[in-house]
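When we follow my numbering, the leftmost residue of the sequence shown carries the number 30, and every step to the right adds one.
Virtual Cβ for every residue (Gly too), placed ideally from N, Cα, C.
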Amino acid sequence: MLILVTGGTGFIGSHTCVELLKAGHGVIILDNLYNSKKDTAARIEALGGGKLVFYEGDIRDRALLDSVFARHAIDAVIHFAGLKAVGESCAKPLEYYGVNIGGTVTLCEAMRDAGCKAMVFSSSATVYGSENFVPFREDMPTGKATNPYGSTKIIIEQLLRDLLASDPDWQICLLRYFNPVGAHPSGQLGEDPNGIPNNLMPIISEVALGRRDCLQVFGGDYDTPDGTGVRDYIHVVDLAQGHIRALENIVGAPGCAIYNLGTGKGLSVLELVRAFTEATGVEIPCKIVGRRPGDIAYCYADVSKAKRELDWEARLSAADMCADVWRWLLRQ
Ligand code: NAD
Ligand code: WQD
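In structure tokens:
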């Protein structure tokens, strides 16, 4: 199949493009390089063992989208492009609604007019909110977002369901990622966030590289075994492979399928820190501070649906995630 990958030079997109090429699919990337670099495309080609086509541009640019669809017989779209920083979304809601929701509307309009109606969308565990109980299952109602970023994911999920209701030919897959971490085992691809990171693994990385004195652990008094927050960390290569399974399952099968992509196992902040030190030999000084607003104690997936319907499950361990991040950091 020929796949248009929006946001394909980003963290999850780049790993997914490698897996697409390895599986023999054609890849066209559209990315405005807001949070990624152009030379990533060449590394994807080298690791995936194939050529791809790269367009530098914005998903809100309808004329560009139309020309891409006119030039290539695209079978499906994997839609990663968007803004993803929770804290920043509170300060810049218009940018988040504009890029994430506005961009998705423009992309869907271009797809509809080009007759390409298969989309895999990057959703998030954030849509479960704080009202549901772990492990989160796909048939639970979505919760209430605590920030504009989360709202955009809930709204886009609804937008895509409404689109299907208006035209039953659409083939839609909502993939709800839990906490993607890790890097390509080659050390050639990884997470390279612009600005100040918010997520745990990029912050552990900064401490490991000596750019920060210590990790501030947000809350030591949760009702969890060691008092720190528990999350479902998933290796980005496992996550990327989940996209290939999802894509191959939904193309030609109209409807809206929803899958959690996680490991199904929770790890506390201190357990992840310990895994990092065991994998790398690098000590991470920690300081327990107050809870971060909006955080919940537990977030992990029920992954049985993806295993049953996609024959996919995460294989890589926390040790793999940490060792691969460290290899990526040392090659920077
Ligand atoms: P990323 O920032 O590394 O990748 C996103 C890519 O989209 C970047 O390359 C960026 O340059 C591009 N982009 C941004 N705005 C664009 C626009 N207007 N037009 C074209 N390209 C644009 O992020 P990621 O971690 O790879 O996340 C990919 C998707 O997965 C996002 O939609 C994100 O919300 C979602 N997601 C991420 C996580 C996570 O923790 N990383 C968790 C759940 C869901
Ligand atoms: C993980 C754990 C923190 C930083 C976010 C988004 C979610 C999804 C993934 C996109 C929590 C603790 C963190 C630090 C800490 N993204 N922590 N010190 O909050 O589970 O999920 O990213 O869709 O939508 O909300 O991930 O990596 O920020 O935090 O103690 O300096 O690490 O409190 O328990 P989170 P995270």
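What are the boundary residues of the alpha helix (DSSP H) that includes Leu290? First-last for Leu290: 284-290, but that is the beta strand (DSSP E), not the alpha helix (DSSP H).
Might you give, ordered along the chain, the residues of its own chain that have their beta carbon closer than 6 angstroms to the beta carbon of Ala147, omitting 5 neighbours on each side? Ala105, Gln200, Val280
Express the C-alpha separation of Arg321 and Ala26 in angstroms, rounding to a whole number. Because the chain is modelled from 30 through 361, residue 26 falls outside the range shown and cannot be assessed.
Secondary structure at Cys119, three-state DSSP: helix, strand or coil? helix
Report buried or exposed for Asn12, applying the criterion of at least 16 other Cβ atoms within 10 angstroms of its Cβ. This structure cannot settle anything about residue 12, because the visible part of the chain is limited to 30 through 361.
Whose C-beta lies closer than 8 angstroms to the C-beta of Glu48 among residues of the same chain, with five residues either side of it excluded? Gly77, Val266, Ala269, Gln270, His272, Ile273
Count the other CB atoms within 10 Å of the CB of Ile107; is the residue buried (16 or more) or exposed (fewer)? buried
What are the start and end residues of each continuous alpha helix (DSSP H) run of 4 or more residues lying completely inside the segment 242-286, in chain order? 265-279
heavy atom of the ligand WQD below 8 angstroms from Ala347 C-beta: no
Measuring only the C-alpha atoms, how far is Thr309 from Cys351? 7 angstroms
Less than 8 angstroms between C-beta atoms, sequence neighbours within five positions excluded: which residues of the same chain meet that for Thr135? Ile88, Arg89, Asp90, Arg91, Leu94
Which residue comes first and which comes last in the alpha helix (DSSP H) that contains Glu338? 333-339
Would you mind working out which of Glu300, Pro122, Lys66, Asn176 sits nearest Gly258, comparing C-alpha positions? Glu300
Can you tell me where the beta strand (DSSP E) holding Gln200 begins and where it ends? 200-206
For Arg205, count neighbouring Cβ atoms within 10 angstroms of its own Cβ and tell me buried if that reaches 16, exposed if not. buried
Measuring only the C-alpha atoms, how far is Ala286 from Ser195? 16 angstroms
Residues near the ligand WQD, CB to any non-hydrogen atom under 7 angstroms, in chain order? Lys113, Val115, Ser153, Ala154, Thr155, Tyr178, Gly179, Lys182, Tyr206, Asn208, Asn227, Asn228, Leu229, Met230, Ile232, Leu244, Gln245, Val246, Phe247, Gly248, Thr257, Gly258, Arg260, Val298, Arg321, Asp324, Cys328
Does any heavy atom of the ligand NAD sit closer than 8 angstroms to the C-beta of Asn289? no
Does the structure place the segment 163-170 close enough to the segment 114-126 that three or more beta carbon pairs sit under 8 angstroms? no
Just tell me which of Phe305, Gly216, Thr69, Arg344 has its CA closest to the CA of Thr292. Arg344
Under 9 angstroms, do Leu192 and Cys137 count as touching if we go by C-beta distance? yes
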